[in-house]
Amino acid sequence: MDVLDVLNLGEIAQYFSKMAMFPVFDLAYYIVSILYLKYEPGAVEVSRRSPVASWLCAMLYCFGSYILADIILGVSPVDYFHNNSHILLASAVWYLIFFCPLNLFYKCVAFLPVKLVLVALKEVVRSRKIAAGVHHAHHAYHHGWLIMVITGYVKGSGVALMSNFEQLLRGVWKPETNEVLNMSFPTKASLYGAILFTLQEANLLPVSKSMLICLFTLFMATSKVFMTARHSHGSPFALIESWVCHLLFGSPLGIEDAHDHHHPAPAAAPLSPAKTKEELSEGTRKRKSKKAE
Numbered sequence: 002m003d004v005l006d007v008l009n010l011g012e013i014a015q016y017f018s019k020m021a022m023f024p025v026f027d028l029a030y031y032i033v034s035i036l037y038l039k040y041e042p043g044a045v046e047v048s049r050r051s052p053v054a055s056w057l058c059a060m061l062y063c064f065g066s067y068i069l070a071d072i073i074l075g076v077s078p079v080d081y082f083h084n085n086s087h088i089l090l091a092s093a094v095w096y097l098i099f100f101c102p103l104n105l106f107y108k109c110v111a112f113l114p115v116k117l118v119l120v121a122l123k124e125v126v127r128s129r130k131i132a133a134g135v136h137h138a139h140h141a142y143h144h145g146w147l148i149m150v151i152t153g154y155v156k157g158s159g160v161a162l163m164s165n166f167e168q169l170l171r172g173v174w175k176p177e178t179n180e181v182l183n184m185s186f187p188t189k190a191s192l193y194g195a196i197l198f199t200l201q202e203a204n205l206l207p208v209s210k211s212m213l214i215c216l217f218t219l220f221m222a223t224s225k226v227f228m229t230a231r232h233s234h235g236s237p238f239a240l241i242e243s244w245v246c247h248l249l250f251g252s253p254l255g256i257e258d259a260h261d262h263h264h265p266a267p268a269a270a271p272l273s274p275a276k277t278k279e280e281l282s283e284g285t286r287k288r289k290s291k292k293a294e
């Protein structure tokens, strides 16, 4: 306790939890979100062919969580769009990432050291959004724990949950990429974070909200920076989830599945030679038929 008093961790956590997110942290959130949009197949082509559709996709990437949370809480889904400064900032980021001459802005923010800093700042915003979602739901439904969890979960991962709708705007339909069926690390972490913040709101977790925000943000930022630096799409929860699902639901341990999830490229490698042989055999068959003619 003396060490905690000397370090003033409580005061640091209190200051951190009340720190303003606009404009620095929100700017990082918009940059990383729209950067991931540009990584999507066909996103650049859509931006050239239909800038309006590309802009709408970018706005969903930036504000999709607010839209879903407002729908859940019975608020107008366009309510957040009255924040003109946020809309203008996100729109400026979208334009620079997709249309900056020589792709200079994109190259700067995609440079790995810069990207790692931006990713860490984005996770600060995510943690605050989860806490805010649970807090708002707590005021509207004081004893509705499930509603608090869902709202916090949506606030933290609303963009991923709206991915199928966003794909439709780009003219793509991939129902197998449903985030509920194939939850990524940020989506899982948002769910677990929403549960923790709900327990804290219900006074079942012996820790202050400011300290929980600080600790959860530290975990999220560290995990995402490490995963981004390693270009990994795995999850730190994979091993624990595998054992829990095996004990509670009788699921296979999934050690091989977790390995494939961490390293998807090698699993797909054997398909390439087979495909090549089929193409070669098809070409040989066509040449023989031409000679016969």
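Per our numbering, the sequence shown starts with residue 2, numbered consecutively.
Ideal placement from N, C-alpha and C gives every residue a C-beta, glycine not left out.
On the three-state DSSP scale, how would you describe residue i?
{"i": "Val208", "result": "coil"}
{"i": "Tyr142", "result": "coil"}
{"i": "Ala190", "result": "helix"}
{"i": "Lys116", "result": "helix"}
{"i": "Pro24", "result": "coil"}
{"i": "Ser48", "result": "helix"}
{"i": "Gly65", "result": "helix"}
{"i": "Tyr16", "result": "helix"}
{"i": "Ala121", "result": "helix"}
{"i": "Leu74", "result": "coil"}
{"i": "Asp261", "result": "In this predicted model, Asp261 has a pLDDT of only 39, less than 50, meaning its place in the structure is not dependable; the value taken from the coordinates is given anyway. Here Asp261 sits in helix by DSSP."}
{"i": "Ser236", "result": "coil"}
{"i": "Leu254", "result": "coil"}
{"i": "Ala203", "result": "coil"}
{"i": "Met163", "result": "coil"}
{"i": "Val79", "result": "coil"}
{"i": "Gly43", "result": "coil"}
{"i": "Leu272", "result": "The predicted model places Leu272 with a pLDDT of 38, which falls under 50 and marks its position as unreliable; any figure quoted below should be read in that light. If DSSP states are grouped into helix, strand and coil, Leu272 belongs with the helices."}
Mind checking whether residue i and residue j have CB atoms under 9 angstroms apart?
{"i": "Gly153", "j": "Ala195", "result": "yes"}
{"i": "Tyr31", "j": "Ala91", "result": "yes"}
{"i": "Glu312", "j": "Thr218", "result": "The shown model of the chain, from 2 to 294, leaves out residue 312, and the question about it has no answer."}
{"i": "Ala59", "j": "Lys225", "result": "no"}
{"i": "Ser158", "j": "Thr178", "result": "no"}
{"i": "Ser34", "j": "Val47", "result": "no"}
{"i": "Lys130", "j": "Lys156", "result": "yes"}
{"i": "Leu61", "j": "Val110", "result": "no"}
{"i": "Ser77", "j": "Met221", "result": "no"}
Counting along the chain, where does the alpha helix (DSSP H) carrying residue i start and finish?
{"i": "Trp244", "result": "239-250"}
{"i": "Ala91", "result": "85-100"}
{"i": "Val173", "result": "First-last for Val173: undefined, no H or E at that position."}
{"i": "Met184", "result": "Unbroken run through Met184: none, as it is neither H nor E."}
{"i": "Leu105", "result": "105-111"}
Between the C-alpha atoms of residue i and residue j, what's the straight-line distance to the nearest angstrom?
{"i": "Asn85", "j": "Leu119", "result": "23 angstroms"}
{"i": "Ile98", "j": "His137", "result": "33 angstroms"}
{"i": "His87", "j": "Gly251", "result": "47 angstroms"}
{"i": "Gly11", "j": "Cys215", "result": "10 angstroms"}
{"i": "Glu242", "j": "Tyr193", "result": "12 angstroms"}
{"i": "Leu248", "j": "Ala29", "result": "40 angstroms"}
{"i": "Thr223", "j": "Thr229", "result": "10 angstroms"}
{"i": "Asn9", "j": "Ser209", "result": "14 angstroms"}
{"i": "Leu213", "j": "Met20", "result": "15 angstroms"}
{"i": "Pro265", "j": "Ala141", "result": "For Pro265, the predicted model reports a pLDDT of 39, less than 50, meaning its position is unreliable; a value from the coordinates is still stated below. Those two C-alpha atoms are separated by around 43 angstroms."}
{"i": "Leu197", "j": "Cys63", "result": "24 angstroms"}
{"i": "Pro52", "j": "Leu38", "result": "13 angstroms"}
{"i": "Tyr96", "j": "Tyr67", "result": "22 angstroms"}
{"i": "Gly65", "j": "Leu205", "result": "30 angstroms"}
{"i": "Val202", "j": "His139", "result": "Checking the sequence, you will find Glu at residue 202 rather than Val. So the two alpha carbons sit approximately 7 angstroms from each other."}
{"i": "Val45", "j": "Glu167", "result": "14 angstroms"}
{"i": "Leu182", "j": "Leu254", "result": "18 angstroms"}
Using alpha carbons as the reference points, say which of the options lies closest to residue i.
{"i": "Phe17", "options": "Glu167, Trp56, Val126, Ile98", "result": "Val126"}
{"i": "Ile148", "options": "Trp174, Ile35, Val135", "result": "Val135"}
{"i": "Arg49", "options": "Arg171, Asn9, His140", "result": "Arg171"}
{"i": "Phe238", "options": "Ser185, Lys116, Ile131", "result": "Ser185"}
{"i": "Trp174", "options": "Pro114, Glu41, Arg231", "result": "Glu41"}
{"i": "Phe227", "options": "Gly65, Leu117, Tyr67, Val25", "result": "Leu117"}
{"i": "Ile13", "options": "Pro176, Leu254, Ser211", "result": "Ser211"}
{"i": "Pro73", "options": "Val94, Ile151, Leu169, Ala161", "result": "Looking at the sequence shown, residue 73 is not Pro but Ile. The shortest C-alpha separation from Ile73 is found at Ile151."}
{"i": "Val79", "options": "Phe100, Thr199, Leu57", "result": "Leu57"}
{"i": "Asp27", "options": "Gly43, Val94, Leu169", "result": "Val94"}
{"i": "His232", "options": "Trp146, Leu113, His143", "result": "Leu113"}
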